[in-house]
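Taking the working numbering, the leading residue of the sequence shown gets 5, the next gets one more, and so forth. Glycine included, C-beta positions come from ideal geometry on N, C-alpha and C.
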Amino acid sequence: MRFINIYSVLISLLILSCGAPALKKYNPIPYPASGNGFDYAHKSPPVGNIPPVLQGDTWLAHYTNDLLPYWTLPAALGDPQ
5 MRFINIYSVL ISLLILSCGA PALKKYNPIP YPASGNGFDY AHKSPPVGNI PPVLQGDTWL
65 AHYTNDLLPY WTLPAALGDP Q
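What follows is the structure in structure tokens.
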């Protein structure tokens, strides 16, 4: 039993030692906060009217009238086996 434990420790150390050089080679490219198409700076939301499709009342009506009735039916659960 002791041989199995020592053997598993040696195998684990061998695997870890093979993967260790790969960790040192990893060098991610740091992207700037702006420029080169990678712009992560804060952008203000657009000014103006919100389209009716994106308004909260439209979404709630769609949820309660179209989506919710189906998902409350037993058929929505399917036939699990």
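The C-beta distance from ALA80 to TYR74 rounds to 6 Å, short enough to meet the 8 Å contact threshold. For TYR67, no alpha helix (DSSP H) segment is defined, and its DSSP state is neither H nor E.
Annotation for GLN59: no residue places its beta carbon closer than 6 Å to its own, counting only its chain and skipping 5 residues before and after.
Judged by DSSP in its simplified three-state form, GLY60 adopts helix.
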